[in-house]
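The sequence shown begins at 5 in this note's numbering and counts up by one.
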Amino acid sequence: MNKKIFSNHASTWLTVLVFIALLATMFGSTDSVTAQEIFDGNNTLGQSFVYTLTGGVTVDGVGLRGVGSGNIYLTGIPAGATVFRAHLYWGTLGNSNTYTQPSLNGNPVSGQLIGTTGDTGWFVQNNFVYRADVTSLVSGNGTYTISGLPSDRLAGNDSQGASLVVIYRDNTQPRRTILINDGAVALNDIRPTHTNTITGFEADSPVGEAKVTYLVGDGQAIWDDESILFNGTSIANGVFSGVDGDYWGSHTFDVTDLMTDNTATTTLRITGQDTEDPDYLLWAATIFSITASEPVTTNQLSQNLNQTFFGDVTSAGVGLRGTGIGTINLSGIPDNTYVHQAYLYWATLGNSSGYLNPQLDGNTVNGELIGTSADTCWGAAANYVYRADVTDLVRENGDYTISGLPNDLAGGNDSQGASLVVIYGYGITGLYRTIIINDGAVTLDLVTNSYTDTLGDFFADQPNAQTHMTYLIGDGQSAWDSGSISFEGQPIAGSVFNGADGDFWGTLRFDVTGLISEPDATTTINNDPPGNTNTPDCLLWAASILSVETEPPVFNHFIYLPIVIK
């Protein structure tokens with residue numbers, strides 16, 4: 005059937021659809037279709053992913069109409085680059101939304117339905133768009149065969165096409181932010197135009213490069229009469245002719261000269277010069293790439309506290325990745341002591357450093373940003389470490405819930421974790437200690453594999469003075485558990501960055517008695533596994549906490565008797 009059979013008669017089109025719906029109802033069909041259902045799917049494109057990294061994105065696709073399988077020839081990954089993320093998109097049309105598990109090169113793919121929208125002129129119930137993470141299946145350029153999708157519209161379901169969207173790392177390229185808005189929007193007689201807004205990026209100034217890619221289904225050369233606007237300016241006309249094969253296209257355009265600020269809009273419309281006979285389209289995704297400014301990073305730890313008194317320090321933490329909320333179980337404060345000071349540390353990653361005011365047990369915390377460091381291999385803009393004095397809120401052991409932090413890296417920001425660092429006192433009994441806290445933000449990644457922190461000044465009571473070190477570390481994972489810690493040049497731990505407080509966060513304490521030298525101590529973290537420098541675990545180092553036994557002060561006790569002078 006020619007898809008344009010009713011395109012010149014919108015009123016006839018609606019009449020026929022309503023008639024079909026009434027017939028279906030009369031004869032008891034379980035697939036009842038109304039005119040409203042035909043045109044009211046999700047009809048939106050929302051932001052699903054934001055990546056900021058040194059590298060770029062490439063997109064290739066294939067049309068699948070009437071065949072349900074085809075080859076995607078991926079060619080745009082530069083020599084020497086590595087695949088960071090690979091997303092597979094595919095679209096179907098018909099009466100079923102269950103095609104979530106095609107195959108890619110014979111490997112099963114587990115996808116999800118991300119958008120439902122109306123018919124594009126084929127007398128079917130809907131169009132459906134799906135997405136899957138196929139990073140583990142895409143290693144570089146090559147031929148990728150997608151199969152297992154429907155191919156017979158007359159029997160109920162057919163396919164539009166499929167595309168691979170691959171984000172890659174390449175240290176020879178500029179830093180870019182890549183945003184993906186996806187879903188499903190049908191452009192037809194009822195909805196001839198749609199505008200998508202792109203936000204969540206900070207471009208460099210001046211903009212070095214900006215490109216936009218559209219994944220569009222149902223375009224055909226014989227009705228190729230549509231237009232694309234970007235920031236209000238026309239950038240293309242008559243391009244939806246199925247560049248990846250009839251009915252599917254992955255279209256990329258350079259829009260560098262059209263960028264004015266940190267937001268953009270793009271519009272697709274099917275009413276071109278031939279307003280009487282437009283081409284209906286399925287808009288599945290917008291991929292936007294723009295060169296990004298380098299974040300201002302400190303990438304260092306500096307001294308925040310150096311106190312000497314009768315007391316010690318304890319700490320506890322919780323991982324927050326993907327949740328933004330968690331409970332810290334504090335249990336290290338001894339009996340018959342008092343809380344001298346309590347600090348809350350937390351870390352986020354993404355494109356915003358504005359998470360200064362989380363809540364602790366429902367109380368708003370006033371924090372400060374104490375460090376910014378590079379991405380820890382997630383395609384985020386940066387890592388951010390914060391600190392707040394919460395002495396008024398932490399007076400004893402117990403459960404302390406932190407909330408109000410980000411939880412969606414794909415949407416722009418997520419959390420690493422949080423720790424309570426509590427300094428407690430004994431009065432004038434117990435061990436006399438110097439407690440030093442160095443904090444900030446240091447990233448250990450594929451480029452910077454180690455960092456040495458110096459803690460001082462202090463004077464140990466004796467060569468074997470009781471000494472312990474605590475580290476607040478983000479992004480450690482059991483799957484990539486590698487690296488080592490040394491103190492004063494001596495190894496003290498290896499393969500410990502496995503998320504001790506929950507994946508992606510660890511509050512790690514070690515006894516280093518006998519290794520101390522005064523007046524300074526050094527400690528080094530290396531994220532390279534021994535003998536294998538190709539797969540380091542990217543880490544965020546947020547704080548170092550040293551507690552060392554110190555010579556106590558000498559108290560002179562005098563009794564003053566009154567003297568009576570006569």
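In this text, a Cβ means the ideal position worked out from N, Cα and C, and glycines have one as well. A quick note: this is a predicted structure, and the numbers were derived from the prediction, not measured.
The region 355-375 makes no contact with the region 455-462, as fewer than three CB pairs between them are under 8 Å.
The alpha carbon of L78 has as its nearest neighbour, out of P196, R135, V220 and G146, the alpha carbon of G146.
In this structure G480 touches G503 by the C-beta definition: roughly 5 Å separates them, less than 8 Å. Less than 7 Å divides the Cβ of Y134 from the Cβ of T104. Bridge partners of M473 according to DSSP: F514 and L550.
Runs of the alpha helix (DSSP H) lying entirely within the region 193-271, each at least 4 residues long, are absent. For R437, the three-state secondary structure derived from DSSP is strand. The way I'd put it, the region 285-304 does touch the region 187-207; three or more beta-carbon pairs between them come closer than 8 Å. In the DSSP assignment, the residues bridged to L92 are A136 and L168. Excluding its 5 nearest sequence neighbours in each direction, V113 has C-beta neighbours in its own chain below 7 Å: L92, Q105, P106, S107, A136 and V138, listed in chain order. Classified as exposed, F463 has fewer than 16 neighbouring CB atoms from the shown chains inside 10 Å of its CB. Counting along the chain, E372 sits inside the beta strand (DSSP E) bounded by residues E372 to S377.
Burial check for G165: the Cβ neighbour count within 10 Å reaches 16 or more, so the residue is buried. For I427, the enclosing beta strand (DSSP E) covers residues N417 to G429. Around the C-beta of L543, 16 or more other C-beta atoms lie within 10 Å, and the residue is accordingly described as buried. With a minimum length of 3 residues, the unbroken runs of beta strand (DSSP E) contained wholly in the region 329-387 fall at 330-334, 342-354 and 372-377.
Under the three-state reduction of DSSP, L183 is assigned to strand. Between A497 and F514, the beta carbon gap of about 6 Å places them in contact (Cβ cut-off 8 Å).
By the C-beta criterion, the region 518-526 is judged not to be in contact with the region 340-354, since fewer than 3 inter-stretch pairs fall below 8 Å.
Across the structure, T237 and F53 are spaced so that their CA atoms are roughly 25 Å apart. Boundaries of the beta strand (DSSP E) around Q51: T48 to G67. Taking L309 as the centre and dropping the five residues before and after it, the same chain places the C-beta of I441 closer than 6 Å to its C-beta, in chain order. The DSSP-derived three-state label of S482 is helix. Residue environment analysis places R391 among the buried positions, since at least 16 neighbouring C-beta atoms fall within 10 angstroms of its C-beta.
T270 and K215 have their C-alpha atoms roughly 12 Å apart.
A Cβ-Cβ separation of about 50 Å leaves Y251 out of contact with G510 under the 8 Å criterion.
Excluding its 5 nearest sequence neighbours in each direction, F292 has C-beta neighbours in its own chain below 6 Å: L183, I202 and V216, listed in chain order. The beta carbons of S551 and V317 sit closer together than 7 Å.
Cβ contact annotation for T312 (same chain, cutoff 8 Å, sequence separation greater than five): Y436, R437, T438, I439, F462 and T554, in chain order. Three or more Cβ pairs drawn from the region 81-90 and the region 163-179 lie within less than 8 Å of each other, which places the two stretches in contact.
Remark: C-beta atoms of Y388 and T352 approach each other more closely than 7 Å.
In the three-state reduction of the DSSP assignment, R325 falls in the coil class. Here L519 is buried: its Cβ has 16 or more other Cβ atoms, across all protein chains shown, within 10 Å.
Straight-line measurement puts the Cα of L49 at about 13 Å from the Cα of T197. Taking G160 as the centre and dropping the five residues before and after it, the same chain places the C-beta of G98, N99 and S100 closer than 7 Å to its C-beta, in chain order. In the three-state reduction of the DSSP assignment, A159 falls in the helix class.
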